[in-house]
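The structure appears below as structure tokens.
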Amino acid sequence: MKIIAYGIRDDEMPYVDEWKQAHSDVEVKVVQELLTMDTVDQCKGFDGLVSYQQKPYTAELIDAMGANGIKFWSLRNVGIDNIDFDAVKRNNIVLTNVPGYSPEAIAEFSVTQTLRLLRNTKQYEAKMRNGNFMWAPEIAGELNEKTVGVVATGRIGRFAIQYFQGFGCKVIAYDLFHNPDIEKQGLYVDTLDELFAQADVIDLHAPATKDNYHMINADSIAKMKDGAIIINTARGELVDTEALLKAVHDGKLSGAALDTYEDEVGKFNNDFGSFDAIPDDVLKGMVEDGRILVSPHIAFYTTTAVRNMVQIALNNNKQLIESNGAKADFIVKY
Ligand code: COI
């Protein structure tokens, strides 16, 4: 059995090697480059393909995978919003993803950023770099006194709820699909508007779909409490960045933590060499703003998550190949 794995980073390599040692019957070819029209022909002759990238998997690219004989494709991540599913379908490709590589990692980061915003750590760090160790004016709010609204109660959202409850917060939640445990606790509100009206902290954990594009926009922000904060470790497309920045600058929102950003592709996980070289003035403005925490999509980035992403994807791909596409732990339905 032969699997080709694209876009493997140095930090993933030890986990690929570990998996190879445990599966000596499988040949895994590692390609550092991403899966693009320039590299796709390398998959010819392989039984399965593993990949992770944020760049779009276009129809042209997926047709080229199909033309090279790929039927079994395993993502190392959870998000499927960059995939042309019409092309997946017409090429009869069976796709898997890794939905739960470490929901804890992402939920922990949401809580981290919430605390950092409430305790004004970015402002203090900037002040101290200028020799200013004064307390005022950045007096903090306390997390235990806050109402946290968790948007989407999938794996990650449920851990976020548990962690915020651990701090003593009142938690409310919204999801189109109700989870029985969260339902039992009586946390669901009926509409997003209710959540926006009640929450001091709005914590997003929804996947990006065509229906929730810019769910956080000027209209929804107007419905929020004055001084609310927004935490987005989910998908950049959920937030209209321009509207959010305006609301922070006008003082309607007291801050935001963005681990994802609608224009992040090609920027996050890239080194531009200097601040001036960042090719995005909006992003530069956010990096400099004391009330905005920007991070380059790192909520997932822990050793546990990376090991799981690599090894669960390889397991999925092996299972697909062995069962001729009938069976794997996480087949994506489309
Ligand atoms: C995903 O798994 O879809 C993520 O958003 C994390 C990614 C940056 C690896």
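Quick note: this note's numbering has the sequence shown finishing at residue 1117, numbered continuously throughout.
Ideal placement from N, C-alpha and C gives every residue a C-beta, glycine not left out.
Distance CB(residue i)-CB(residue j) smaller than 8 Å
i: D986; j: A943; result: yes
i: K827; j: G862; result: no
i: A1082; j: S893; result: yes
i: C952; j: K929; result: yes
i: I1075; j: L1097; result: no
i: V881; j: N860; result: yes
i: L978; j: I1013; result: no
i: Q815; j: I791; result: yes
i: Y1117; j: F868; result: yes
Presumed contact (8 Å Cβ cut-off) between residue i and residue j, rounded CB distance
i: N1100; j: G831; result: 4 Å
i: V799; j: V1093; result: 6 Å
i: K854; j: G1108; result: 6 Å
i: K785; j: E810; result: 5 Å
i: D983; j: K1008; result: 6 Å
i: A956; j: Y971; result: 5 Å
Reduced DSSP category for residue i - H, G, I as helix; E, B as strand; rest coil
i: Y971; result: strand
i: G831; result: strand
i: F1119; result: Missing from the structure shown is residue 1119; the chain here goes from 784 to 1117 and no further.
i: Y884; result: coil
i: T930; result: strand
i: D788; result: The sequence shown places Ala at residue 788, rather than the Asp named in the question. In the structure shown, A788 sits in a strand (DSSP, three-state: E or B).
i: A1039; result: strand
i: W856; result: strand
i: L1151; result: As shown, the chain starts at 784 and ends at 1117. That puts residue 1151 outside it, with no answer to give.
i: D986; result: strand
Closest Cα partner of residue i within the set the options
i: G1019; options: K1110, Y835, I999 and N1053; result: I999
i: F829; options: Q836, R859, M820 and Y789; result: Y789
i: N1084; options: E966, I787, D794 and I786; result: In the sequence as presented, Asn is not what sits at residue 1084; that position holds Tyr. Taking only the C-alpha atoms, the option nearest Y1084 is D794.
i: K812; options: M820, L1076 and V833; result: V833
i: H961; options: Y946, T936, D1002 and A980; result: T936
i: R1170; options: G949, A1011, E891 and V984; result: Any answer about residue 1170 is impossible in this case: the structure gives the chain only from 784 up to 1117.
i: D1033; options: E1045, A1005, T1043 and D964; result: A1005
i: D1002; options: P990, A1017 and L975; result: L975
i: D846; options: Q836, D864 and L818; result: L818
i: G932; options: G1073, A1011, G1056 and E1071; result: A1011
i: D958; options: D1023, G940 and D1059; result: G940
i: L1028; options: Q948, M1069, E908 and G914; result: M1069
- Message: Does the structure place the stretch 920–928 close enough to the stretch 895–904 that three or more beta carbon pairs sit under 8 Å?
- Response: Yes, they touch.
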